[in-house]
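Residue numbers (the numbering used here), protein chains in the order written: chain A, 2 to 459; chain B, 26 to 186. Note that beta-carbon positions come from the ideal geometry of N, C-alpha and C, so glycine has one too. What follows is a single structure, written as structure tokens, with notes after it.
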């Protein structure tokens with residue numbers, strides 16, 4: 002529990018698209034009045050947008066390839082199409098140099114344009130990234146269940162909290178040969194990641210940061226969450242079986258014991274030079290993060306490309322998800338190696354559809370008996386997952402960001418009450434909107450099942 | 026006079042930040058949207074050239090906070106802000122922790138919510154918050170301390186920050 006919970010909830014708040022139109026239209030009208038004319042007559046002419054001379058583009062790709070060659074052996078992910086060998090390389094250059102117009106170019110180092118298999122690069126890198134998340138966040142490593150260390154956490158200043166949230170914390174010795182320390186897991190996590198990461202919102206970079214060498218100073222690629230949430234500290238100072246006090250003075254940061262809190266919350270801790278893992282309870286039955294689609298290349302240039310790939314995350318409601326969350330991943334060619342330079346969340350067909358349905362039902366008094374995830378079930382930790390459990394995306398058109406869904410919604414008594422098919426805009430660069438809906442009552446309205454905060458339908 | 030393209034750019038860049046600040050203060054969508062619209066109309070009609078985006082954003086948030094205060098000084102809100110319920114309709118919680126922490130923050134008095142939002146969500150410094158709210162830095166520090174203490178009382182545990 003931390004302030005990131007507040008941030009995450011706030012991040013989901015956005016004004017209606019209607020406001021945008023109203024504000025901009027109103028301001029434009031005022032402008033027109035000021036200009037004392039009815040219409041804008043600004044014309045822009047004579048502007049031509051070009052991406053550069055064709056041959057220079059060709060050369061730039063070739064130069065990029067020269068840089069990349071060194072990376073082939075080390076990364077193993079640069080894939081040539083057509084298996085061009087050295088002989089073919091020479092022959093092509095000879096053919097190209099016969100043209101007078103490219104005389105100057107032949108004086109440059111002889112390089113050949115290479116076509117990269119972007120999908121294959123993306124597949125390998127994104128798989129590595131997801132695997133590393135599963136290792137880091139969900140403890141997806143082999144361990145010896147017979148070698149464990151146990152501690153008992155509590156807060157000496159708060160007995161009630163200790164009784165509710167403190168208690169036994171057991172870790173098992175990691176036997177996975179890849180990882181001997183938390184730093185090893187961090188190195189694995191950042192292997193496909195560029196040293197400088199861009200964080201983006203709707204495709205626009207809003208901040209950049211450098212991946213530090215030490216995991217204790219690192220943040221996640223996708224958000225600002227500290228990796229200490231999962232990769233804990235050396236806890237050798239605590240005796241196995243001992244009680245670990247989490248109390249500290251909030252006015253004195255120096256009293257915060259990160260090792261103690263690692264025992265309480267982290268997935269991994271180090272103890273006497275060994276790495277230990279806690280087996281984390283999963284949020285749902287979906288297991289770890291997994292891809293639901295293959296990478297789709299959406300944009301490519303000589304030294305960068307972008308792919309879209311959907312991930313089923315192990316959160317509430319994702320158990321039946323066909324798609325999950327879209328990750329928009331940008332790759333850059335850096336010093337001859339491809340690296341991931343940003344990961345942004347895009348469309349979320351199931352989640353956003355559930356939010357749209359929630360809003361749609363909420364505003365219609367005739368459905369006040371329908372459980373839309375707030376209140377009673379929200380308190381039980383179900384939230385939006387309550388709708389997602391019974392929701393199926395039957396069609397999803399990524400080009401227009403529209404879903405067709407079928408959902409069966411419960412009343413507050415837990416009975417199937419509404420059968421709903423709907424067309425929903427799930428554009429992550431917009432608001433969730435039910436565009437059309439066909440709703441059939443399965444169970445008649447019963448006012449005794451009204452949601453506690455619902456406006457009466459009567 | 027500002028060109029429409031520039032207006033669109035400014036709106037798209039800052040509307041979420043302005044709306045979220047207003048929502049943190051007003052606790053309901055309708056008022057937050059009204060305030061956001063007023064803020065942008067003021068911005069578009071103001072003949073100001075900012076040195077950089079950071080200054081433009083802090084100016085927008087300052088106007089937002091002032092407009093929120095104006096709204097809550099009006100007769101429409103005769104009760105203190107803490108008695109105004111949080112409008113849940115547009116808030117999505119994915120975990121119980123998110124719900125608990127968000128409700129705890131929203132149960133704070135408005136001046137505490139404001140500094141919590143600016144400090145933890147927008148990640149402004151005490152000095153920057155002072156410039157936005159017009160309160161002294163020492164007052165901001167006190168408000169932050171008291172807000173944290175109240176959160177601890179509500180949640181039964183100091184939040185990890």
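{"Check": "Between the CA atoms of residue 363 of chain A and residue 423 of chain A - distance to the nearest angstrom", "Outcome": "15 angstroms"}
{"Check": "Neighbour list for residue 81 of chain B in chain A, Cβ cutoff strictly below 9 angstroms", "Outcome": "Per Cβ cutoff of 9 angstroms: no residues; residue 81 of chain B is ~14 angstroms from chain A at best."}
{"Check": "Under 7 angstroms from the C-beta of residue 466 of chain A: neighbouring residues of chain B", "Outcome": "As shown, chain A starts at 2 and ends at 459. That puts residue 466 of chain A outside it, with no answer to give."}
{"Check": "Proximity test, Cβ basis, 9 angstroms: residue 141 of chain B and chain A", "Outcome": "yes"}
{"Check": "Secondary structure of residue 54 of chain B, DSSP reduced to three states", "Outcome": "helix"}
{"Check": "Secondary structure of residue 239 of chain A, DSSP reduced to three states", "Outcome": "coil"}
{"Check": "DSSP three-state assignment for residue 143 of chain A, whether helix, strand or coil", "Outcome": "coil"}
{"Check": "Contact set between the region 144–172 of chain B and chain A, restricted to residues whose Cβ is under 8 angstroms from the partner", "Outcome": "145, 146 and 170"}
{"Check": "Per-residue DSSP class, three states only, for residue 174 of chain A", "Outcome": "strand"}
{"Check": "Option nearest residue 236 of chain A by Cα separation, candidates A:301, A:151 and A:228", "Outcome": "A:151"}
{"Check": "Own chain residues within Cβ distance below 6 angstroms of residue 99 of chain A, not counting five before or after", "Outcome": "Low per-residue confidence applies at residue 99 of chain A: pLDDT is 36, beneath 50, and the placement is therefore not dependable enough to give any value."}
{"Check": "Cβ-heavy atom distance, residue 202 of chain A to the ligand MN, below 8 angstroms", "Outcome": "Looking for the ligand MN in the displayed structure turns up nothing, as the structure carries no ligands at all."}
{"Check": "Inter-residue Cα distance where the pair is residue 169 of chain B and residue 111 of chain B", "Outcome": "21 angstroms"}
{"Check": "Chain A contact for residue 116 of chain B (CB, 9 angstroms cutoff)", "Outcome": "yes"}
{"Check": "Beta bridge counterpart(s) of residue 168 of chain A as assigned by DSSP", "Outcome": "A:154"}
{"Check": "Start and end residues, beta strand (DSSP E) containing residue 201 of chain A", "Outcome": "197–202"}
{"Check": "For residue 387 of chain A, the first and last residue of its enclosing alpha helix (DSSP H)", "Outcome": "386–389"}
{"Check": "Residue 131 of chain B, enclosing beta strand (DSSP E) - first and last residue", "Outcome": "Where residue 131 of chain B is concerned, there is no enclosing beta strand (DSSP E), although the alpha helix (DSSP H) it sits in stretches over 121–131."}
{"Check": "Beta-carbon neighbours of residue 161 of chain A, restricted to chain B and to distances below 7 angstroms", "Outcome": "181"}
{"Check": "Beta-carbon neighbours of residue 27 of chain A, restricted to chain B and to distances below 7 angstroms", "Outcome": "66"}
{"Check": "Outcome for residue 430 of chain A when other beta-carbon atoms lying within 10 angstroms are tallied against a minimum of 16", "Outcome": "exposed"}
{"Check": "Members of the region 403–423 of chain A that neighbour chain B once the beta carbon cut-off is set at 8 angstroms", "Outcome": "none"}
{"Check": "Burial state of residue 135 of chain B (16 or more Cβ within 10 Å)", "Outcome": "buried"}
{"Check": "Local conformation of residue 311 of chain A per DSSP, three classes", "Outcome": "strand"}
{"Check": "Amino acids of chain A, ordered along the chain, whose beta-carbon sits closer than 7 angstroms to that of residue 32 of chain B", "Outcome": "25 and 28"}
{"Check": "Other residues of its chain near residue 135 of chain A: CB distance less than 7 angstroms, five sequence neighbours each side excluded", "Outcome": "141, 289 and 290"}
{"Check": "Extent of the continuous alpha helix (DSSP H) to which residue 155 of chain B belongs", "Outcome": "151–158"}
{"Check": "DSSP state of residue 84 of chain B mapped onto helix, strand, coil", "Outcome": "helix"}
{"Check": "Beta-carbon proximity check, residue 124 of chain B vs residue 10 of chain A, cutoff 9 angstroms", "Outcome": "yes"}
{"Check": "Member of A:271, A:398, A:320 and A:207 whose CA lies at the smallest distance from the CA of residue 78 of chain B", "Outcome": "A:207"}
{"Check": "Beta-carbon proximity of residue 48 of chain B to residue 57 of chain B, cut-off 9 angstroms", "Outcome": "yes"}
{"Check": "Proximal chain B residues relative to residue 363 of chain A, where beta-carbon distance stays under 7 angstroms", "Outcome": "114"}
{"Check": "Pair within 9 angstroms by beta-carbon distance, residue 50 of chain B and residue 93 of chain B", "Outcome": "yes"}
{"Check": "Close-in-space but distant-in-sequence residues of the same chain around residue 346 of chain A (CB under 8 angstroms, 5 per side omitted)", "Outcome": "223, 326, 327, 328, 329 and 429"}
{"Check": "Beta carbon proximity, residue 358 of chain A to chain B, threshold 9 angstroms", "Outcome": "no"}
{"Check": "At least three beta-carbon pairs within less than 8 angstroms, the region 144–160 of chain A to the region 168–176 of chain A", "Outcome": "yes"}
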